[in-house]
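All you need for the working numbering is the position in the sequence shown, starting with 1, plus 56. Quick notes on the structure that follows.
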Amino acid sequence: NSGAAGHLQLVDSRGRVVSRSNVDFSAYTARTFPYRLRQPPSGRNALGLVKFMFPNPHNIYLHDTPAKNLFGRDVRAFSHGCIRLHQPFDFAYALLAKQTSDPEGVFHAALRTGRETRIDLEQNIPVHLVYRTAVMPTKGNANYRNDIYGRDGRIFAALSNAGVVLHAVGG
């Protein structure tokens, strides 16, 4: 199979991979489809070779990417809510360094299996995600970013509804 569909597995409710040739897709609707789709670990996986899970209600995580070229672009909002890491292996080594004398060895041993492997951290590390469209450096003028999530308009409307008078910024 070619394309993304060729790299997806059908997984039943017991976690078993089911061959697509054994499934009559026309028998199901989107609501009745009894399988999950899973992309197995590989260099072509959309999340790259590693992902970092952390508790949050939005299924957001940090991950590698096979599309390293995206880091050379000025606008990098290509993930669907998750966060691509430019150097995920170095990030993994830093996280594992607190619990092993050979973080690179532990990490690469897991990669060499070719299977999805979970490595839990012995100590929780807080993760804070911050979305800002204006950043004020210590010195200088404010730096503005594109509002890719459209939050500024809602914030301005809420402030205006609360009686806050907003003045135009810029020049």
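No residue lacks a Cβ here, since even glycine has one placed at the ideal position from N, Cα and C.
Give me the Cα-Cα distance between T156 and E178, rounded to the nearest whole angstrom.
10 Å
Just the C-alpha distance for Y91 and E172, rounded to the nearest angstrom, thanks.
19 Å
Span of the beta strand (DSSP E) holding R94?
R92 to R94
Apply the 10 Å Cβ neighbour rule to F163 and answer buried if 16 or more other Cβ atoms are within range, or exposed otherwise.
buried
Along the beta strand (DSSP E) that carries V67, what are the first and last residues, could you check?
Q65 to V67
Using C-beta distances below 6 Å, list every residue in its chain close to L105, excluding the 5 sequence neighbours before and after it, in chain order.
D120
Starting from the N-terminal side, write out each stretch of the alpha helix (DSSP H) that is 4 residues or longer and does not extend beyond the segment 158-205.
159-168
When DSSP builds the beta bridges, which residues end up paired with R70?
Note: R70 sits in no beta bridge, so no partner.
With 16 as the cutoff for other CB atoms within 10 Å, does L118 come out buried or exposed?
buried
DSSP beta-bridge partners of F145:
Per DSSP, none; premise fails for F145.
Assuming contact is defined by CB atoms lying nearer than 7 Å, are Q65 and R94 in contact in what I supplied?
yes
Let me know if P96 comes out buried or exposed under the rule of 16 or more other beta-carbons within 10 Å of its beta-carbon.
exposed
Given that a residue counts as buried once 16 or more other Cβ atoms are within 10 Å of its Cβ, and exposed if not, what is L198?
Note that residue 198 is Ala in the sequence shown here, rather than Leu. Exposed.
In its own chain, which residues sit with a C-beta less than 6 Å from the C-beta of L103, not counting the 5 before and 5 after it?
H119
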